[in-house]
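J.: From first to last, the protein sequence lines stand for chains A and B.
Adding 2 to a residue's 1-based position in the first sequence gives its number in my numbering.
Adding 213 to a residue's 1-based position in the second sequence gives its number in my numbering.
For every residue, glycine included, the Cβ atom is placed at its ideal position computed from N, Cα and C.
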Amino acid sequence: MVAECVTGKKVLMKGNYAIANAAIKAGCQCYFGYPITPQSEIGEFMSGKMQELGRAYVSAESELAAINMVIGAVSTGVKAMSSSSSCAISLMQEALSYATADQLPVVLVSVMRGGPGLGNIYPSQGDYNQATIGGGNGDYKLIVLAPSTVQECIDLTYKAFYLAFKYKNPTMILADGLLGQMMEPVEFYDYPYPEIDTTSWALSGAKDRSARVIRSYAPLEENQCVFLDNLFKKYELIEQNEVEYEEYMVDDADFVVVAFGSMFRNVKSAVKLCREKGLKVGAFRPITLYPFPSERLNSLADKVKKILVTEINMGQMVRDVRLAVNGKVPVLFKGKGVGAMIDVETLVEEIEKQMGGV
Amino acid sequence: MATQVFSIPKSLKKDVKYSFCPGCDHGVAVRLVAECLDELGLKENTITATSIGCSVGLYDFIDIDAIEAPHGRALAVATGVKRANPDKFVFTYQGDGDFASIGWAESMHSAFRGEKLSAICINNTTYGMTGGQLGPTTLLGQVTTTSPTGRNIEYYGYPVKIAEHIALSEGTAFSARVSLDSVANIRKAKAAIKKAFEVQMKGLGFGFVEILSSCPTNWRMSPQQAHERVRNEMMPIYKLGVYKDITA
Numbered sequence: 003m004v005a006e007c008v009t010g011k012k013v014l015m016k017g018n019y020a021i022a023n024a025a026i027k028a029g030c031q032c033y034f035g036y037p038i039t040p041q042s043e044i045g046e047f048m049s050g051k052m053q054e055l056g057r058a059y060v061s062a063e064s065e066l067a068a069i070n071m072v073i074g075a076v077s078t079g080v081k082a083m084s085s086s087s088s089c090a091i092s093l094m095q096e097a098l099s100y101a102t103a104d105q106l107p108v109v110l111v112s113v114m115r116g117g118p119g120l121g122n123i124y125p126s127q128g129d130y131n132q133a134t135i136g137g138g139n140g141d142y143k144l145i146v147l148a149p150s151t152v153q154e155c156i157d158l159t160y161k162a163f164y165l166a167f168k169y170k171n172p173t174m175i176l177a178d179g180l181l182g183q184m185m186e187p188v189e190f191y192d193y194p195y196p197e198i199d200t201t202s203w204a205l206s207g208a209k210d211r212s213a214r215v216i217r218s219y220a221p222l223e224e225n226q227c228v229f230l231d232n233l234f235k236k237y238e239l240i241e242q243n244e245v246e247y248e249e250y251m252v253d254d255a256d257f258v259v260v261a262f263g264s265m266f267r268n269v270k271s272a273v274k275l276c277r278e279k280g281l282k283v284g285a286f287r288p289i290t291l292y293p294f295p296s297e298r299l300n301s302l303a304d305k306v307k308k309i310l311v312t313e314i315n316m317g318q319m320v321r322d323v324r325l326a327v328n329g330k331v332p333v334l335f336k337g338k339g340v341g342a343m344i345d346v347e348t349l350v351e352e353i354e355k356q357m358g359g360v
Numbered sequence: 214m215a216t217q218v219f220s221i222p223k224s225l226k227k228d229v230k231y232s233f234c235p236g237c238d239h240g241v242a243v244r245l246v247a248e249c250l251d252e253l254g255l256k257e258n259t260i261t262a263t264s265i266g267c268s269v270g271l272y273d274f275i276d277i278d279a280i281e282a283p284h285g286r287a288l289a290v291a292t293g294v295k296r297a298n299p300d301k302f303v304f305t306y307q308g309d310g311d312f313a314s315i316g317w318a319e320s321m322h323s324a325f326r327g328e329k330l331s332a333i334c335i336n337n338t339t340y341g342m343t344g345g346q347l348g349p350t351t352l353l354g355q356v357t358t359t360s361p362t363g364r365n366i367e368y369y370g371y372p373v374k375i376a377e378h379i380a381l382s383e384g385t386a387f388s389a390r391v392s393l394d395s396v397a398n399i400r401k402a403k404a405a406i407k408k409a410f411e412v413q414m415k416g417l418g419f420g421f422v423e424i425l426s427s428c429p430t431n432w433r434m435s436p437q438q439a440h441e442r443v444r445n446e447m448m449p450i451y452k453l454g455v456y457k458d459i460t461a
């Protein structure tokens, strides 16, 4: 049983259900999906709830079909989404490239599991690159939001719908198997963002106006150059306006640990323990993985002596941190291929070891 | 007093240059689609999805809202459009490579689900836009740029009979194969397109028309020779007719 989401009432809920319920409260009219662990609860919940509400639900024949169904629905200005995981998000890369080129407000939830290949169903952060660099063709960016608590699954699902429509750009909620399966107390509230007018671009039938075409085919070199220049002006705006991050005890820190998503939970506990030992450690969490908080990390590098990046992968976000810091201070890495988040004791040990010279 | 007996359909753009090759049947097919949209009063309530291949350019010629789907995904995109807007008329316009090879899953499952959609598929037995390679419908013995000695079963297997497969689905309301090689067949083609549109309007299920088409450029033939090939080589294998009509 999934708890009922009454605004203002605290309930205990799994991350997957929190995302699904938030999408419904955000006004998502259509869900298209295909099962894959560890996010199947989203589709299961949606199948019943969307029918109950008279909204659209399709058990798609594949993830390829599911994400293209989302493209079709959002091309008419309707809020729609899909959700999937790792190896199946791979199948959606073509459509994500098209959706960025078509400037469509696709919302996609990616609940990461182990990879590469079939991998396994343990939590992982191995798809940071897939989300932020992308596997589709051409120059494009997804807006990527990474929750680290179940409450934030709600907050960022709301935000994903808003940003997708505000910028007409596909937006991904990048969670992981731990967050999808974990239960935490959460509090629902009404969708807090303004509704974005879509009447200037959405397909609705050419009545009392000329016909509209949503397309990415640009046979002429000059047209494609102009298109890309404009697309990247939009990305500049996103980078100026939408960077979001969390800081913990960084003000007087000599040493900062950077992590995103579930991994940040243990980092915060480790920093607290280190502080008790008198070590001046802080923690930093990018909430928006794109746009990445590069400027803030660069200025942090002016006052700290070392930065440690921890991820449940072989070192993906660390590359963006190094680019942001641009050699000002050493950026170290502590990773783990897949599975449970690196435990607090191991983190404290690592911090103490690395701070030896600080 | 002059009486106007022929004009450009309202659903076609008036001021565009048609870019299909000389003698290609796409031009006739697009016109028939536009005439059907006009006659059924659908122009202002229609959204179409086209996907990659020569068929993608439909949106350059037709004066209705359109979205370009990735290769093979027109019916998935159309499913999304229709499920989000059940009151809109939604159709796809695709080639045989798009519909029956890369998009076979999307095509068949739209029919299985009985999506209230109409799909038009141009079958010219080759990948036209990319220069005439072997496709799912290439006939046995047919020489293409990727079957240099002709399609043989050992290397390439058999050609796909699309209209027959679509007719097998319980969700299909109408499935037919037509040709554009003669005036009589063009008339029948238009009637089939209209029927595939009407079953959607009545909410009866999936409507499908496979249109046999010439490809003079890639077949290295004159337009006239190409139509002879449609008659003499394609029609004996791809037999014209209505394969399913739940309204009959």
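Reducing DSSP to helix, strand and coil, say where K168/A ends up.
T.: Here K168/A sits in helix by DSSP.
J.: In its own chain, which residues sit with a C-beta less than 8 Å from the C-beta of S99/A, not counting the 5 before and 5 after it?
T.: So the list reads G136, G138, N139, G140 and Y142, once near-sequence residues are dropped.
J.: Is there a C-beta anywhere in chain A that falls below 8 Å from the one on I277/B?
T.: It does: the Cβ of I277/B has a partner Cβ on chain A nearer than 8 Å.
J.: Suppose you measure from the CA of K161/A to the CA of Y195/A; what does that come to, to the nearest Å?
T.: The straight-line gap from Cα to Cα measures roughly 8 Å.
J.: Near G79/A, what residues of its chain come up, given a Cβ to Cβ distance below 6 Å and the 5 sequence neighbours on each side ignored?
T.: Excluding positions up to five away in sequence, the list reads T200 and A204.
J.: I need the boundaries of the alpha helix (DSSP H) containing M214/B, first residue and last residue.
T.: M214/B -> no alpha helix (DSSP H), and no H or E assigned at all.
J.: Run the CB neighbour count on F234/A, radius 10 Å, all protein chains shown included, and call it buried at 16 or more, exposed below.
T.: With fewer than 16 other Cβ atoms within 10 Å, it is exposed.
J.: Taking any Cβ of chain B, which residues in the stretch 70–90 of chain A have a Cβ under 8 Å from it, in chain order?
T.: Residues passing the 8 Å Cβ filter: N70, M71, V72, I73, G74, A75, V76, S77, T78, V80 and A82.
J.: Threshold first: 4 residues or longer. Then list the alpha helix (DSSP H) segments lying entirely within the stretch 305–357 of chain B, N to C.
T.: Runs found: 317–325.
J.: Who pairs with I424/B in a beta bridge, going by DSSP?
T.: Answer is I335/B and V391/B.
J.: List the residues of chain B that F34/A touches, going by C-beta distances under 9 Å, in chain order.
T.: The answer, in chain order, is A289, T292, G293 and R296.
J.: Determine the burial state of D129/A: buried for a count of at least 16 other Cβ atoms within 10 Å of its Cβ, exposed for fewer.
T.: When all chains shown are included, D129/A counts as buried.
J.: Using the three-state DSSP reduction, which class does D278/B fall into: helix, strand or coil?
T.: Three-state result, D278/B: strand.
J.: In chain order, which alpha helix (DSSP H) runs of at least 4 residues are fully inside the stretch 247–335 of chain A?
T.: Entirely contained in the stretch 247–335 of chain A, the alpha helix (DSSP H) runs reaching 4 residues are, in chain order, 265–278, 296–302 and 319–327.
J.: Around the C-beta of E423/B, are 16 or more other C-beta atoms found within 10 angstroms, so that it is buried, or is it exposed?
T.: Result: buried.
J.: Is it a yes or a no for the stretch 5–24 of chain A touching the stretch 151–159 of chain A, going by three-plus beta-carbon pairs under 8 Å?
T.: Output reads yes: the stretch 151–159 of chain A touches the stretch 5–24 of chain A.
J.: State the DSSP-derived secondary structure class of S268/B, mapped to helix, strand or coil.
T.: Reduced to three states, the DSSP call for S268/B is helix.
J.: For L393/B, which of K457/B, V443/B, A380/B and I375/B has the nearest alpha-carbon?
T.: Ranking K457/B, V443/B, A380/B and I375/B by Cα distance to L393/B puts V443/B first.
J.: Leaving out five residues before and five after C267/B in sequence, what residues of the same chain have Cβ atoms less than 8 Å from its Cβ?
T.: Hits under 8 Å: F233, C237, H239, G308, I335, G341 and M342.
J.: Rounding to the nearest angstrom, what Cα-Cα distance links V146/A and N171/A in this structure?
T.: Cα to Cα, the separation comes out at about 11 Å.
J.: Our contact map puts I289/A next to Y247/A with C-beta atoms below 8 Å; I'd like the distance itself, whole angstroms only.
T.: 6 Å between Cβ atoms; contact.
J.: Take every Cβ of the stretch 277–291 of chain B, pair it with every Cβ of the stretch 312–328 of chain B, and state whether three or more of those distances are shorter than 8 Å.
T.: Touching, per the Cβ criterion.
J.: Give the DSSP bridge partners of P32/A, in chain order.
T.: The sequence given here places Cys at residue 32/A; Pro does not occur at that position. DSSP lists A58/A and A82/A as partners of C32/A.
J.: Out of A389/B, I260/B, N365/B and A324/B, state which residue places its alpha-carbon closest to the alpha-carbon of A297/B.
T.: It is I260/B.
J.: Does the structure place the stretch 216–228 of chain B close enough to the stretch 342–355 of chain A that three or more beta carbon pairs sit under 8 Å?
T.: In short, these stretches do not touch, since the Cβ pair count stays below three.
J.: Taking the alpha-carbon of Q31/A as reference, which of V8/A, L66/A and G74/A has the nearest alpha-carbon?
T.: The residue with the shortest Cα to Cα distance from Q31/A is G74/A.
J.: What in chain A is Cβ-close to V269/B, meaning under 9 Å?
T.: The contacting residues are R217 and Y219.
J.: Give the single residue among K305/A, Q242/A, D210/A and E241/A whose Cα lies nearest to the Cα of V327/A.
T.: Per the Cα distances, K305/A.
J.: With burial defined as no fewer than 16 other Cβ atoms inside 10 Å of the residue's Cβ, what is the status of A215/B: buried or exposed?
T.: When all chains shown are included, A215/B counts as exposed.
J.: On a CA-only basis, which of D256/A, K336/A, R217/A and N268/A is nearest M319/A? Give me that one, please.
T.: Among D256/A, K336/A, R217/A and N268/A, the Cα nearest to that of M319/A is on K336/A.
J.: Does G457/B come out as helix, strand or coil in the three-state DSSP assignment?
T.: Contrary to the premise, residue 457/B reads as Lys rather than Gly in this sequence. Strand, per DSSP.
J.: Check P125/A in the structure and name its three-state DSSP category.
T.: The answer is strand: DSSP assigns P125/A an E or B state.
J.: According to DSSP, which residues form a beta bridge with I2/A?
T.: Nothing about residue 2/A can be reported from this structure: the residues present for chain A run from 3 to 360 only.
J.: Under 9 Å, CB to CB, which of the residues in the stretch 426–454 of chain B have a partner in chain A?
T.: Result list empty, no residue passes.
J.: Quick one: is G35/A buried, meaning 16 or more other Cβ sit within 10 Å of its Cβ, or exposed?
T.: So G35/A counts as buried.
J.: In three-state terms, what does DSSP make of K51/A?
T.: Residue state, collapsed to three classes: helix.
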